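Read left to right, the sequence shown gives residues 1 to 1202 (the UniProt record's numbering).
Cβ atoms here follow ideal geometry from the backbone N, Cα and C, with glycine treated the same way.
Since the model is a prediction, treat every value here as computed from it, not as a measurement.
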Amino acid sequence: FSFSDKNNINFGLENSFFLKMYKDSKDTLWIGTYSGGIYKHTPQASKIEFFQKHNNSNSLSGNNIWRLAQDKNNSIWIATQSNGLNKFDQKNYTFTHHLKDFKHSIWNLLVDDKNQIWVASSGGLFVYEISNSGELNVIKKLMPNKNIEYIHYFGGKVWIKSLVNEILSVDPLTFELTSVALANNNIRDVDPVFLDSQNNVWLLTSLGMMLYNQDTKQVNQLILNVDDSVRYFTSVIETDNAFWLSSFNHGMLKLDKASYRVISIIDAKSGLSSNQVITTILHGESIWLGFTSEGIDEVSISSGKILQNISPERLGYSELNEGVGLLTNKHKLMFGGTNGFLMFDATEFSAANEQQTIAKQEPAPAPTLTQLSLFNHEITQHGDNSPLTAPIDLVEQITLPFNTYMLSIKFAQLNPIEPKAIQYRYKLLGISDKWIETDKDSPRKAQFSHLEFGTYEFQVQSRNGNSPWSEIKSVKINIAPPPWFSQKAIILYGILISLLVIYWIKQVRSKNAIRFSIKENEERLKLTLWSSGDELWDWDIYQGQVYRSNTWGTLDFPQDDIRVNSAYEANIHPNDIQRVQETLREHLKNKTEHYEIAYRARTYKGEWLWLLDRGKVVSRDNNNQAQRMTGTLKNINHLKLAEEQLKLFKRSIETISDGVFITDMSFKFISVNNSYCKYTGETREQALASYLTFHQYPGAFTEEVKKALRQKGNWFGEVESRRTDGEKYEMELNIDAINDEDGKPAHYVGVFSDITTRKVTEKELLKLANTDPLTELPNRSFFQASHANVVRRNTHHALICLDMDNFKKINDSLGHQTGDILIKQIAKRLQRIAGTDATCYRLGGDEFSILIDKTTDVHRITHFAQTILDNMARPFLINKQEFVLGASVGIAFYPEDGSTTQEMLKNADTAMYFAKNAGGNKYQFFSGEMNQNAVRQLQIENLIRHGLKEDLFTVFYQPKVDIASGKLVSMEALVRYEHPDKGLVSPSQFIPLAEETGQIIDIGEVVLRKACEDTKRWVDAGLFTGRVAVNISARQFELPDLDERIINILQRVGLSPLHLECEITEGTLMQNPESALRMMQRLRERGIHLALDDFGTGYSSLAYLKRFPINTLKIDKAFIDDIATSAEDRHMAEAIITIAHNLGLKVVAEGVEHENQLSILRRYKCEMLQGYLYSKPLSSPRFERLLKENLQLSKIIHKSDI
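Printed below as a string of structure tokens:
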């Protein structure tokens, strides 16, 4: 209990009839009352003052306190739920009662800056002013008949808790009610509790904490990365570096002031008295936390540590109400609850706590052992057979029986000021060296179970708060051993073991003697068995045991399921197991004199081994039942293998597909196999009655064969023979002599096979290998062999190679079937022309060769070649349709035009291709110049391939100039080959061949890509706004996906199609006008400009010119060169320009080199020129410099115009 000397009020002492008083060493006063029990009063209790309702006017009007507030006169206003308001004078400790007849429940009150009293009740919000006489006069009633639970005053406004999604506030000057609606309709119970330094109003809501900024009018949810249940908060405190949030269920959270991130959580785990914080008060460097019934804690702001706890005992076990706390201007802390309110000096209390902390650093006295229990029954020194001779705290050692399964010891600190502040720890040496600590809620008892016999030591310590641990209080505990582990029992055990050891030694010596004798006899038997190589087995039939001696170590004993019944896998061959079992049963039944059988058994390696198993029953009982059987196992694998080899050889001879016979030295047949009889048609008896004779040959041939056999011992050859039915056949025969043991011939063995079918097949394959199946002419393989023979004989001859003109078009358009018929007719005509003086070959496709042997007469060969041309030029008739072809013929002479087959064929082919390139339907004799040209073409082709691989093709640019303005408006991309060794290679050297080989397609794509890349760079730099013209070759224009290829390159580079112009020659367009028209339309649809190049040099069709969707027409240089001197060329140029303009086309003149040419073109209104007059083709860097110079010049001209 406590006692206040200011108002003479005691708190907690309910019985004032004292019987006796006692003051102990710690200044604690103990009072014994009559029928009221014992009361305790400590000096610290006087530091807390308690105020309750008493039966006098100078006390509270009611004990259930809901709010505390201080006015400007330093009076404390106290709201009770049903007993009005109380005004408390701090100086005189007097109470004045107001609103005694207030008919509503009072939930909250506050005092504003005008010293007005605001009362929140179940009937609305009331505003009072304090009169000069101290009475309360109501001046305003707001929100009548509404239940107002919480009101707060900050920022010059009264803030009201709303049950819906709105923020309510009242202006104390005008009493104007303001509502701010929240966007989220799910929000309920909006309680504005705090205004921080950033003008944020902190809102307690059903969805957690939110911030409402009064400047921006924005509402933000406060997201805390903690448990979702941490949403019910009670208050907010702001310090220099942090916000402190108290909650109903998670203690207090410390938030970073800038990021609102949770820095730390102070809860029960950190030492807080409870996680349910209902009131917080900031005082100095501490925050005081009030709990419902767990007392009051002081927390340091700087460290977050719990500085002290005012226990419920010191608070008289008062139950506090939520939010009922106040710090007065006199540094008094006030807390209200259901039993009045309490008050203490925060500064003094903190100082007193500091002194207590210093005092607590002194070690507490050692705890006292208060009780010993066995099997949950308390043991005292007065009980029967008690192990205690004195109280447990006074003994040093206890001896307990061996069957002590459960032991507990209680301990305590006698007469502590705060028992719950005392901590204990204990351990039982002998089980663990680790201390076990108890907390304030744990019982002060150590319990152990199932202790084995032995010696243990129980130790316990205590401390008050954070003071050092006390001295150790200990007691030794001896658990007696069970009777069977007593000293007498151990001695008896030793005697018995000694007797057993002596007996065992004697038995071992006796067994060793017997074992030595048996071993000696076994060694003799093993030597006998080893010399024979057999394994001995002894079968005890009654016991079912087989004993083995001289084992081989390569296999287990045969598992026949009679002598041995085991879980091992059977190791006797499946084909032999039944024979073994039947033979063994017969002997066991005494039906045979002994047991003997050969069979196969599997070794440990999985190999089959032949065994000879012998045995005999050596003992039978009175019923003639076998009792014991002994036998041996012999390895006969080598004998069986030899026997199997002989059988295999015999079966092989009988079943082999070749005929086999054996004769004696007089060549009389003594053995033949089945194949011999099959091939010859003779029976075995007929064959064995005859001699070796070759009936299809003279007798001398047979004698020669016999003579060779006698001298050399073998003969081999292919011979004809006749079967008994008269049919002839061919056979391959091999005869060898067989020597006897003395190395002398004893027999002859012959092996032959029927090769009749093989011979027929060989002839057919030879024909197929050397003959063309379509024309039945000799093929390329036969030609190479025949020609090689002629060259090898060094015979002068002529070689003609011919290839049909336009055959590919017929074959592709009408199909291969028509092409094959045409090839047959061509072959027949050539055969007739060749006759018997020459040989005609088909080398493949529509290529043929004719070899004219033993002549190099030019006139004859010329006549022969012309005959070929004339015959090939005649129409071929197929399915009533005529086909007219021509032939290109190449001729080479041996040895003038080549010394090898390969060289001759190459040179004849070269001459033939020259004839074909000359227009076809011609013959051409090979010359050295042709070879040089062919080599040159091959070199250029390799050069192009190398250039593509190493990226040696570059692009030069020639400007196109607007004649009227003189400005560079376009350019043409021209390909150049820059070889690292040869320098610049002229396009005229590689372009024609690239067109022929198809490499022009790859070159064209390289030029297009590089031209687009350069143009893209210049367009992006603002140097160029026109189009780059790129030449499209005829081979490129044949590509069905030409437009897709161009667009893909443009997209990869990122260049617009509006900057590209494709130049196409009129010759390219006229090869297939309709197809060209479709492709040009697709290019135009893509936004690409088209120009017709070299107009007037070829087949210039005005009709097609009108249809083609071109934008620009280019006059060839041939018309420009003499335009200044030739009236004809001037008229031609003028006509072309006029036609172009009439068709809506622009005109570009190529090859302009002189001013007089420019003047004429300007007069004819030609739009653009291209030529050396302005610039020759330039490399990319030089052309870029030209563009920059033009740009600079244009700027200068523009400025001068301005």
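### Task
Classify F18 as buried or exposed, calling it buried when 16 or more other Cβ atoms lie within 10 Å of its own Cβ.
Within the sequence shown, the letter at position 18 stands for residue 18. Exposed.
### Task
Using three-state DSSP, classify F864 as helix, strand or coil.
On the sequence shown, residue 864 is found 864 positions in, with the first residue counted as 1. It is helical.
### Query
Where does V1006 sit, in a helix, a strand or coil, going by DSSP?
Looking up residue 1006 in the sequence shown gives position 1006. Helix at V1006.
### Query
Can you list, in chain order, the residues of its chain whose CB lies under 8 Å from that of R780, leaving out five sequence neighbours each side?
Taking the first residue of the sequence shown as position 1, residue 780 is located at position 780. Once the five neighbours on either side are set aside, the close Cβ partners of R780 are Y841, R842, L843 and G844.
### In chain order, each alpha helix (DSSP H) run of at least 4 residues that lies wholly inside the UniProt domain "GGDEF" (795-928)
Complete alpha helix (DSSP H) runs here, min 4: 807-814, 816-834, 858-873 and 901-917.
### Message
Please state the DSSP three-state secondary structure of G1067.
### Response
Here residue 1067 corresponds to residue number 1067 of the sequence shown, with the count starting at 1. In the three-state reduction of the DSSP assignment, G1067 falls in the helix class.
#### Entry: beta strand (DSSP E) segments (min. 3 residues) lying fully within the segment 551-610
Complete beta strand (DSSP E) runs here, min 3: 595-602.
#### Entry: Outcome for V884 when other beta-carbon atoms lying within 10 angstroms are tallied against a minimum of 16
For the purposes of this step, residue 884 is identified with residue 884 of the sequence shown, where counting begins at 1. V884 counts as exposed, since fewer than 16 other beta carbons sit within 10 angstroms of its beta carbon.
### Message
Could you tell me which whole beta strand (DSSP E) segments of length 3 or greater appear in the segment 359-438?
### Response
As far as the segment 359-438 is concerned, its whole beta strand (DSSP E) runs of at least 3 residues are 368-374, 377-379, 397-400, 406-412, 422-429 and 436-438.
### Environment of N86 [buried if 16+ CB atoms lie within 10 Å]
The count along the sequence shown starts at 1 and reaches residue 86 at position 86. With 16 or more Cβ atoms within 10 Å of its Cβ, N86 is classed as buried.
### Task
Kindly indicate which three-state DSSP category P1057 falls into: helix, strand or coil?
Numbered from 1 along the sequence shown, position 1057 holds the residue referred to as residue 1057. The DSSP-derived three-state label of P1057 is helix.
### Message
With a threshold of 6 Å on Cβ separation, who are the neighbours of T839 within its own chain once the five nearest residues in sequence on each side are excluded?
### Response
As a working mapping, residue 839 is identified with position 839 in the sequence shown. Cβ contact annotation for T839 (same chain, cutoff 6 Å, sequence separation greater than five): L851, in chain order.
### Task
Provide the residue(s) that pair with P959 in DSSP beta bridges, ordered along the chain.
Counting from one through the sequence shown, the residue named residue 959 turns up at place 959. For P959, which the question treats as bridged, DSSP gives the partners M971.
### Task
Kindly identify the DSSP beta-bridge partner or partners of K140.
Position 140 of the sequence shown, counting from 1, holds the residue named residue 140. For K140, which the question treats as bridged, DSSP gives the partners V127.
### Task
With DSSP collapsed to three states, give me the class of S1200.
Position 1200 of the sequence shown, counted from the start, is the residue given in the question as residue 1200. For S1200, the predicted model reports a pLDDT of 48, less than 50, meaning its position is unreliable and no value from the coordinates is stated.
### Task
Report the residue from N622, R628 and L536 whose alpha carbon sits nearest the alpha carbon of K634.
For the purposes of this step, residue 634 is taken as the residue at position 634 of the sequence shown. Out of N622, R628 and L536, L536 has the C-alpha closest to the C-alpha of K634.
#### Entry: Three-pair Cβ contact test at 8 Å for the segment 328-338 versus the segment 297-308
The segment 328-338 vs the segment 297-308: no contact.
### Same chain only: Cβ atoms within 7 Å of Y1174, ignoring 5 sequence neighbours per side
As a working note, residue 1174 is residue 1174 in the sequence shown. Cβ contact annotation for Y1174 (same chain, cutoff 7 Å, sequence separation greater than five): P959 and V961, in chain order.
### Message
Are the CB atoms of V1053 and R1009 within a distance shorter than 8 Å?
### Response
Translated into positions along the sequence shown, residue 1009 becomes position 1009. Translated into positions along the sequence shown, residue 1053 becomes position 1053. The answer is yes: Cβ separation under 8 Å.
### Sufficient close CB pairs (3 or more, under 8 Å) joining the segment 877-892 to the segment 919-926
Enough Cβ pairs lie closer than 8 Å, so yes.
#### Entry: Residues near Q381 by beta carbon distance below 7 Å, same chain, minus five either side
In the sequence shown, residue 381 corresponds to position 381, counting from 1. So the qualifying residues of the chain are L388, T389, A390 and P391.
### Query
Quick one: is I358 buried, meaning 16 or more other Cβ sit within 10 Å of its Cβ, or exposed?
Position 358 of the sequence shown holds residue 358. Its pLDDT being 45, under 50, I358 is placed unreliably in this model, and the coordinates cannot settle the point.
### Query
Looking only at its own chain, which residues have a Cβ that is under 7 Å from the Cβ of Q276, when we skip the five neighbours before and after it?
The residue given as residue 276 occupies position 276 in the sequence shown. Only F248, N249, F291 and T292 meet the Cβ criterion.
#### Entry: Contacts around M21, its chain only, beta-carbon distance under 6 Å, and the 5 residues preceding and following it disregarded
Start at 1 with the first residue of the sequence shown, and residue 21 comes out as number 21. Taken in chain order, the residues that qualify are I31.
### Query
Considering Y679, what are the terminal residues of the alpha helix (DSSP H) in which it resides?
Numbered from its first residue, the sequence shown carries residue 679 at position 679. Where Y679 is concerned, the enclosing alpha helix (DSSP H) stretches over N674 to T680.
### Message
Considering just the uninterrupted stretch of the beta strand (DSSP E) at L173, what are its terminal residues?
### Response
As a position in the sequence shown, residue 173 is number 173, starting the count at 1. L173 -> no beta strand (DSSP E), and no H or E assigned at all.
#### Entry: E354 - DSSP class collapsed to helix/strand/coil
Within the sequence shown, the letter at position 354 stands for residue 354. Caution applies to E354, whose pLDDT of 49 falls short of 50 and renders its modelled position unreliable; the value that the coordinates give is listed next. It is helical.
#### Entry: Cβ-based burial, M665 [other Cβ within 10 Å; buried from 16]
For the purposes of this step, residue 665 is taken as residue 665 along the sequence shown, with counting starting at 1. When all chains shown are included, M665 counts as exposed.
### Message
If distances are taken between C-alpha atoms only, which option among A79, P1177, F694 and S474 comes closest to V719?
### Response
In the sequence shown, counting from the first residue as 1, residue 719 sits at position 719. The option with the nearest alpha carbon to V719 is F694.
#### Entry: C-alpha distance - A352 paired with H331, whole-angstrom precision
Your numbering for residue 352 matches position 352 in the sequence shown. Your numbering for residue 331 matches position 331 in the sequence shown. Here the model assigns A352 a pLDDT of 46, short of 50, so the residue's position is not dependable and the matter cannot be decided.
### Query
For G251, which of R261, F243, I278 and Q686 has the nearest alpha-carbon?
Walking along the sequence shown from the start, residue 251 turns up at place 251. When each option's Cα is compared against that of G251, the closest is I278.
### Message
Which residue marks the beginning of the alpha helix (DSSP H) containing E644, and which one marks its end?
### Response
As a working note, residue 644 is residue 644 in the sequence shown. First-last of the alpha helix (DSSP H) with E644: N637 to T655.
### Query
Distance, Cα to Cα, I379 vs S386?
Counting from one through the sequence shown, the residue named residue 379 turns up at place 379. Counting from one through the sequence shown, the residue named residue 386 turns up at place 386. Counting only the Cα atoms, S386 lies some 7 Å from I379.
### Query
Can you list, in chain order, the residues of its chain whose CB lies under 6 Å from that of R1084, leaving out five sequence neighbours each side?
The residue given as residue 1084 occupies position 1084 in the sequence shown. Closer than 6 Å at Cβ, skipping near neighbours: P1109.
### Task
Please say whether Y426 and F448 have beta carbons closer to each other than 8 Å?
Counting from one through the sequence shown, the residue named residue 448 turns up at place 448. Counting from one through the sequence shown, the residue named residue 426 turns up at place 426. No; because the gap between Cβ atoms is not below 8 Å, this pair is not in contact.
### Task
Please work out which residues of its chain come closer than 8 Å, Cβ to Cβ, to Y317, disregarding the five sequence neighbours upstream and downstream, and give them in chain order.
Here the question's residue 317 lines up with position 317 in the sequence shown. Taken in chain order, the residues that qualify are S293.
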